[in-house]
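A.B. asks:
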Amino acid sequence: MNRVLLVLVALGFVINSWAQVDEREKLRELEIQRQADKQRVIDRQIDSVALLIDTEQYEAADKKILNILRTVKSVPSDLTFYLGKNSYYLTKYKQSVDWLNKYIQLKGTSGQFSEEAIEIKRKAEIELVKEKQLEAQQATVIFSKDFDIDCGPTGKVVCPVCNGSTVIIKKGYFGDTYKTCGYCNHAGTLTCGDYNKLLKGQLKPATN
Ligand SMILES: [Zn+2]
42 MNRVLLVLVA LGFVINSWAQ VDEREKLREL EIQRQADKQR VIDRQIDSVA LLIDTEQYEA
102 ADKKILNILR TVKSVPSDLT FYLGKNSYYL TKYKQSVDWL NKYIQLKGTS GQFSEEAIEI
162 KRKAEIELVK EKQLEAQQAT VIFSKDFDID CGPTGKVVCP VCNGSTVIIK KGYFGDTYKT
222 CGYCNHAGTL TCGDYNKLLK GQLKPATN
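If you want it as structure tokens, here you go:
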């Protein structure tokens, strides 16, 4: 009788621990399932980003990408590619090179988009060089206002404000009003000194 009881208790233990293992296994499967569902949602969002880029809706693609970036803990490699590609079309070349580099680092030359990534990166780098050249050019622009202009032997220049007419016409609701040009004061011409002052914004008009 004692023996039977012992066997029953032992059997009870075995069944109980089976149940526990079973429970843990179920939880693990549920977690895997949850992760897979989340991944599917992200994949679908990335697919719609690709579609937006293909249909040249770059601003909308940008918004969608930013939304995805807010929800993921780590950026999927495909998204690094699309972010780099879309940035190129948004003319954000520095950002484009940065993300395409990420994709190329992750996937090397054998990734699904490697070839395209390398090609777009090359184009973005060319645009970056152009931008830098333009910046350098603008830094060395020489403006005429920084120099005194020689007006020639007459020493006079036709007044650029009134075009030599000595009057300034103002359009108004109640018809045009005519005013004497305050810059050349009935002369229609400026002395070279006044002309240079005018160019530098330093010539004050006479008030009447
Ligand atoms: Zn004038």
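With the working numbering, letter number 49 in the sequence shown gets 90, and the count goes up by one each step, no holes.
Note that the Cβ used here is the ideal one computed from N, Cα and C, for glycine as well.
Could you tell me the distance, in whole angstroms, from the CA atom of residue 233 to the CA atom of residue 205?
C.D. replies: For the purposes of this step, residue 233 is taken as residue 192 along the sequence shown, with counting starting at 1. For the purposes of this step, residue 205 is taken as residue 164 along the sequence shown, with counting starting at 1. So the alpha carbons of these two residues sit roughly 15 Å apart.
A.B. asks: Can you grab the Cα-Cα spacing for the pair residue 128 / residue 100, in whole Å?
C.D. replies: For the purposes of this step, residue 128 is taken as the residue at position 87 of the sequence shown. For the purposes of this step, residue 100 is taken as the residue at position 59 of the sequence shown. Rounded to the nearest angstrom, the two C-alpha atoms are 10 Å apart.
A.B. asks: Measuring CA to CA, which of 248, 98, 55 and 64 is closest to residue 223?
C.D. replies: The count along the sequence shown starts at 1 and reaches residue 223 at position 182. Cα-wise, what sits closest to residue 223 is 248.
A.B. asks: What do you reckon, is the C-beta of residue 233 under 7 Å from a heavy atom of ligand 1?
C.D. replies: Residue 233 sits at position 192 when you count from the first residue of the sequence shown. No, the beta carbon of residue 233 sits no closer than 7 Å to any heavy atom of ligand 1.
A.B. asks: Between the C-alpha atoms of residue 251 and residue 74, what's the straight-line distance to the nearest angstrom?
C.D. replies: Any question about residue 251 goes unanswered here, given that the chain covers just 42 to 249.
A.B. asks: Taking the runs of the alpha helix (DSSP H) that are 4 residues or longer, which of them lie wholly in the region 61-148?
C.D. replies: List check, alpha helix (DSSP H) in window: 99-112, 118-130 and 134-148.
A.B. asks: Report the residue from 139, 177, 109 and 152 whose alpha carbon sits nearest the alpha carbon of residue 82.
C.D. replies: In the sequence shown, the residue the question calls residue 82 occupies position 41. Ranking the options by Cα distance to residue 82, first place goes to 109.
A.B. asks: What residue ranges within the region 166-193 form continuous alpha helix (DSSP H) runs of no fewer than 4 residues, ordered along the chain?
C.D. replies: Entirely contained in the region 166-193, not one alpha helix (DSSP H) run reaches 4 residues.
A.B. asks: What's the call for residue 93, buried or exposed, on a 16-neighbour Cβ count within 10 Å?
C.D. replies: Translated into positions along the sequence shown, residue 93 becomes position 52. Looking at its Cβ environment, which holds 16 or more other Cβ atoms inside 10 Å, residue 93 is buried.
A.B. asks: How would you write the range of the beta strand (DSSP E) that residue 244 sits in, first residue to last?
C.D. replies: Your numbering for residue 244 matches position 203 in the sequence shown. Neither: residue 244 is in no beta strand (DSSP E) and is coded neither H nor E.
A.B. asks: Can you give the Cα-Cα distance for residue 77 and residue 121, rounded to whole angstroms?
C.D. replies: Along the sequence shown, one-based indexing puts residue 77 at 36. Along the sequence shown, one-based indexing puts residue 121 at 80. Cα to Cα, the separation comes out at about 20 Å.
A.B. asks: With DSSP as the reference, label residue 236 as helix, strand or coil.
C.D. replies: For the purposes of this step, residue 236 is identified with residue 195 of the sequence shown, where counting begins at 1. If DSSP states are grouped into helix, strand and coil, residue 236 belongs with the helices.
A.B. asks: What three-state label does DSSP hand residue 202 in the structure shown?
C.D. replies: Working through the sequence shown from its first residue, we reach residue 202 at position 161. Coil, per DSSP.
A.B. asks: What are the start and end residues of the beta strand (DSSP E) that includes residue 219?
C.D. replies: For the purposes of this step, residue 219 is taken as residue 178 along the sequence shown, with counting starting at 1. It spans 218-221 - the beta strand (DSSP E) in which residue 219 sits, taken as one unbroken run.
A.B. asks: Taking only the alpha-carbon atoms, compute the straight-line gap between residue 105 and residue 155 and give it to the nearest angstrom.
C.D. replies: Along the sequence shown, read from residue 1 onward, the residue named residue 105 stands at position 64. Along the sequence shown, read from residue 1 onward, the residue named residue 155 stands at position 114. Using only the alpha carbons, I get a separation of about 22 Å.
A.B. asks: Count the other C-beta atoms from every protein chain shown that fall within 10 angstroms of the C-beta of residue 149, then say buried if there are 16 or more, exposed otherwise.
C.D. replies: Walking along the sequence shown from the start, residue 149 turns up at place 108. The residue in question, residue 149, is exposed, as its Cβ has fewer than 16 Cβ neighbours within 10 Å.
A.B. asks: Is residue 202 near ligand 2, judged by its Cβ being under 7 Å from some heavy atom?
C.D. replies: By its list of ligands, the structure shown excludes ligand 2, since it contains just ligand 1.
A.B. asks: Could you have a look at residue 162 and say whether DSSP puts it in helix, strand or coil?
C.D. replies: Reading the sequence shown from its first residue, position 121 is the one you call residue 162. Note: residue 162 maps to helix in three-state DSSP.
A.B. asks: Residue 242: beta carbon under 7 Å from a heavy atom of ligand 1?
C.D. replies: In the sequence shown, counting from the first residue as 1, residue 242 sits at position 201. No.
A.B. asks: Between which residues of its own chain and residue 89 is the CB-CB distance below 7 Å, once the five residues before and five after are set aside?
C.D. replies: Indexing the sequence shown from 1 puts residue 89 at position 48. Correct list, in chain order: 105.
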